[in-house]
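Enquirer: Protein chains in written order, with my numbering: chain A, 2 to 126; chain B, 2 to 126. Each residue gets a CB set at the ideal place from its N, CA and C atoms; glycine is no exception.
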DNA sequence: TTTGTACTAAACCTTTTTGTTAATTAACCG
DNA sequence: CGGTTAATTAACAAAAAGGTTTAGTACAAA
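1. With burial defined as no fewer than 16 other Cβ atoms inside 10 Å of the residue's Cβ, what is the status of residue 79 of chain B: buried or exposed?
2. Per DSSP, which residues does residue 43 of chain A bridge with? Please list them.
3. What separation, rounded to the nearest whole angstrom, lies between the Cα atoms of residue 41 of chain A and residue 8 of chain B?
4. Could you tell me the distance, in whole angstroms, from the CA atom of residue 86 of chain A to the CA atom of residue 10 of chain A?
5. Short of 7 Å in beta carbon distance, which residues of its chain neighbour residue 74 of chain B, apart from the five on each side in sequence? Order them along the chain.
6. Can you say whether residue 113 of chain B is buried or exposed, counting buried as having 16 or more other CB atoms within 10 angstroms of its CB?
7. Alpha carbon to alpha carbon, how far is residue 28 of chain B from residue 115 of chain A? Give it in angstroms, no decimals.
8. At 3 residues or longer, and completely inside the segment 70-98 of chain A: list those beta strand (DSSP E) runs for me, N to C.
9. Within 8 Å: the Cβ of residue 6 of chain A and any heavy atom of the ligand NAD?
10. Can you pull the chain B residues whose beta carbon is under 8 Å from the beta carbon of residue 49 of chain A, in chain order?
11. Let me see if you follow: with CB-CB separation under 9 Å, is residue 91 of chain A close to chain B or not?
12. Any idea what DSSP makes of residue 31 of chain A, helix, strand or coil?
13. If we define contact as Cβ-Cβ less than 9 Å, is residue 25 of chain B a contact residue for chain A?
14. Can you check DSSP and say which residues form a bridge with residue 9 of chain A?
15. Roughly how many angstroms lie between the CA atoms of residue 33 of chain A and residue 24 of chain A, to the nearest whole one?
16. Got a sec, what are the start and stop residues for the alpha helix (DSSP H) residue 61 of chain B sits in?
17. Decide if residue 5 of chain A is buried, meaning its Cβ has at least 16 other Cβ atoms within 10 Å, or exposed.
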């Protein structure tokens with residue numbers, strides 16, 4: 002296999018069952034069977050165990066031990082990775098489209114940047 | 002197949018080639034062969050075409066037409082979806098661990114919330 | 001020590017993903 | 001027209017994902 006961290010994280014998030022489990026865990030720790038309960042009409046317990054393993058290997062959750070129970074909880078780190086990855090794309094959804102397009106035109110046509118490295122240009126239209 | 006939007010988005014992001022393509026597109030529009038160039042030592046052009054289709058069907062990019070070229074560009078909407086999905090998890094990576102644990106204890110033990118719905122509690126330690 | 005509960009591992013099957021090569025479409029250009 | 005460039009489609013193969021059932025481990029409690 003051999004896969005980088007972000008691919009494992011996004012791969013883990015690409016499943017609605019796993020996202021529902023994460024959502025549940027925002028409310029606090031829960032054992033495997035607690036987490037499985039909402040899904041046992043759709044899939045078996047081993048299936049949920051597998052989902053949890055995917056989440057764990059992506060670093061999105063950690064599993065503890067308490068006798069025969071495995072209390073699971075969210076692990077902030079991987080979410081921080083997602084947030085950091087997302088950052089460079091922020092302007093693409095957050096800012097107005099006009100500004101975005103101006104910026105892109107300035108960046109993609111660096112003919113004579115006239116001093117500044119970010120080359121802000123006035124446009125006629 | 003039938004898959005929800007977020008699953009398609011995260012599934013699309015779960016591949017380093019596709020993430021590299023997105024990264025490239027932050028610099029501005031590019032044709033298929035431009036986007037493919039960095040990868041043609043690792044995979045064929047049709048493979049890149051497929052990656053672009055995955056990105057397009059996830060709404061992460063849009064493909065235009067200019068004669069025989071297909072200029073691709075980022076599409077903010079899907080990134081906004083990711084950002085919105087991520088929001089409830091913000092506190093799990095952003096805030097201090099002590100505060101997080103306090104919050105969780107307050108939420109998971111709603112015995113007598115004593116007025117406020119967010120139940121801030123003083124802790125001895 | 002037996003029984004029950006919580007969870008995991010193994011073996012297996014099906015579908016999806018990701019790549020390949022070869023052929024095809026579509027548009028431009030001399 | 002014929003040739004070249006840009007990109008896609010088709011048919012296929014290998015591998016990964018996601019589920020199943022059966023069996024096994026670990027701990028608790030009777």
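Expert: The answer reads as follows:
1. Translated into positions along the second chain, residue 79 of chain B becomes position 78. Classification of residue 79 of chain B: buried, given that the 10 Å Cβ count is 16 or more.
2. The residue you call residue 43 of chain A lines up with position 42 of the first chain. DSSP, once it has assigned bridges, lists no residue as partnering residue 43 of chain A.
3. Start at 1 with the first residue of the first chain, and residue 41 of chain A comes out as number 40. Start at 1 with the first residue of the second chain, and residue 8 of chain B comes out as number 7. Cα to Cα, residue 41 of chain A sits roughly 21 Å from residue 8 of chain B.
4. Here residue 86 of chain A corresponds to residue number 85 of the first chain, with the count starting at 1. Here residue 10 of chain A corresponds to residue number 9 of the first chain, with the count starting at 1. Straight-line Cα distance between these residues: approximately 11 Å.
5. If you number the second chain from 1, residue 74 of chain B lands on position 73. Cβ neighbours of residue 74 of chain B beyond the five flanking positions: 26, 30, 62 and 63.
6. One-based indexing of the second chain puts residue 113 of chain B at position 112. With a pLDDT of 43 at residue 113 of chain B, under the threshold of 50, the modelled position of this residue cannot be trusted, and the question is left open.
7. Residue 115 of chain A sits at position 114 when you count from the first residue of the first chain. Residue 28 of chain B sits at position 27 when you count from the first residue of the second chain. Any reading at residue 115 of chain A is ruled out, since the residue's pLDDT is 36, under 50, leaving its predicted position unreliable.
8. 73-75
9. Ligands in the displayed structure: none, and consequently the ligand NAD is not present.
10. Reading the first chain from its first residue, position 48 is the one you call residue 49 of chain A. The premise fails here: residue 49 of chain A is roughly 17 Å from chain B at the closest Cβ pair, so nothing lies under 8 Å.
11. Taking the first chain and counting its residues from 1, one reaches residue 91 of chain A at position 90. Output row for residue 91 of chain A: interface = yes.
12. Mapped onto the first chain, residue 31 of chain A falls at position 30. Residue 31 of chain A falls in the strand class under three-state DSSP.
13. Against the second chain, residue 25 of chain B aligns to sequence position 24. With 9 Å as the cut-off, residue 25 of chain B does not count as an interface residue toward chain A.
14. For the purposes of this step, residue 9 of chain A is identified with residue 8 of the first chain, where counting begins at 1. Bridge partners of residue 9 of chain A: none, in fact.
15. Walking along the first chain from the start, residue 33 of chain A turns up at place 32. Walking along the first chain from the start, residue 24 of chain A turns up at place 23. One C-alpha to the other measures close to 14 Å.
16. Locating residue 61 of chain B in the second chain gives position 60, counting from the first residue. That residue, residue 61 of chain B, is in no alpha helix (DSSP H); it is neither H nor E in DSSP.
17. Your numbering for residue 5 of chain A matches position 4 in the first chain. Exposed.
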